[in-house]
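J.:
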Amino acid sequence: MQLRALPSRQDNYIWTLSDGAGRAIIVDPGESGPVLAAAQQGLQPAAVLLTHHHHDHIDGTQALLERWPGLPVHGPLDDRIPFPLNTLGDGDRLELLGIDVAVLAVPGHTLSHIAFHLTRGGDSWLFCGDTLFSLGCGRLFEGTPDQMHASLMRLAALPGDTAVCCGHEYTLSNAAFARAVEPDNAALRDRTEEAQAMRQSGQPSLPSKLADERRCNPFLRCDAPSVKAAVGAWLGTAPADDVATLAALRRWKDGFVA
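126 is the number that full-length UniProt numbering gives to position 126 of the sequence shown; each next residue is one higher, with no gaps.
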């Protein structure tokens, strides 16, 4: 299978996962142009997966349906998605292109947000929209810190070699904040340098590996003493628990300037 990140808008990615014949799963087409351009090079959309209702993740879908009538579209139950789709919830499963697709409810960024964990043989891909970013997590627009923490811990429990396919190219800005939280984290330093080199060469910094996120991403490390200590210093008091640590991290990040 070939994984591609199609740049979209200012910093979005539309993900495609295609087989040897060019048949592809399209994830979060926030605009149609990049997909239509890839189709001119042989890509053949076979299904669309949507993680949540935000326009920068769904707005290209209608044009794709007009170009390929009958194209299956799968996504969360949310009346803010303005076109027909096969609605999915936690625990649902699909098979697409011989790949097993498991659906996980991951509320926090939005209440109806879902993620897709795809597996085939020894390969594992996570399409997590705006819940988990490399070295960060999404803003809490609708959900609570408790929901986001539970969602992130659920994703963190997936196999360590899972390719984390996020919705945005935020790695370097997230790295600046993560290094303010854990300046002595050697794995974080290495990941930052890797991402810098990838971006300087014009390549996406994604996907990352979930095992690396566990070592580097402060939002997956709310139980780590170094993260708790940094949050306590920022708050002026020790956080009560891991959820309080995440809530404070998110508030800190929201106002952070590198």
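By construction, the Cβ of each residue, glycine as well, lies at the ideal position given by its N, Cα and C atoms.
Would the beta-carbon of ARG9 fall within 7 angstroms of that of ASP56?
T.: Contact flag set, yes.
J.: Going by Cα to Cα distance, which pick from ALA187, ASP123, PHE141, GLU194 is closest to ASP161?
T.: Checking every option, the nearest Cα to that of ASP161 belongs to ASP123.
J.: Which residue comes first and which comes last in the alpha helix (DSSP H) that contains GLU66?
T.: That run of the alpha helix (DSSP H) goes 61–67.
J.: Can you round the beta-carbon distance between SER226 and SER134 to whole angstroms, since I take them to be within the 8 angstroms contact cut?
T.: That belief does not hold up - the Cβ atoms of SER226 and SER134 are roughly 19 angstroms apart, past 8 angstroms.
J.: In terms of residues, what are the limits of the beta strand (DSSP E) holding PHE116?
T.: Counting along the chain, the beta strand (DSSP E) containing PHE116 begins and ends at 114–120.
J.: Just tell me which of ASN185, ALA46, LEU50, PRO107 has its CA closest to the CA of GLU213.
T.: For the residues ASN185, ALA46, LEU50, PRO107, the minimum Cα distance to GLU213 belongs to ASN185.
J.: Would you mind giving the Cβ-Cβ distance between LEU88 and HIS109, rounded to the nearest angstrom? I have them listed as a contact below 8 angstroms.
T.: Going by Cβ atoms, the distance from LEU88 to HIS109 rounds to 17 angstroms, so no, they are not a contact pair.
J.: Please state whether the Cβ-Cβ distance between LEU126 and HIS117 is less than 7 angstroms.
T.: Taking 7 angstroms as the Cβ cut-off, LEU126 and HIS117 qualify as a contacting pair.
J.: Taking the continuous alpha helix (DSSP H) assigned at ARG9, which residues delimit it?
T.: No alpha helix (DSSP H) holds ARG9; DSSP gives it neither H nor E.
J.: Distance, Cα to Cα, LEU132 vs ALA175?
T.: For LEU132 and ALA175, the distance between alpha carbons rounds to 14 angstroms.
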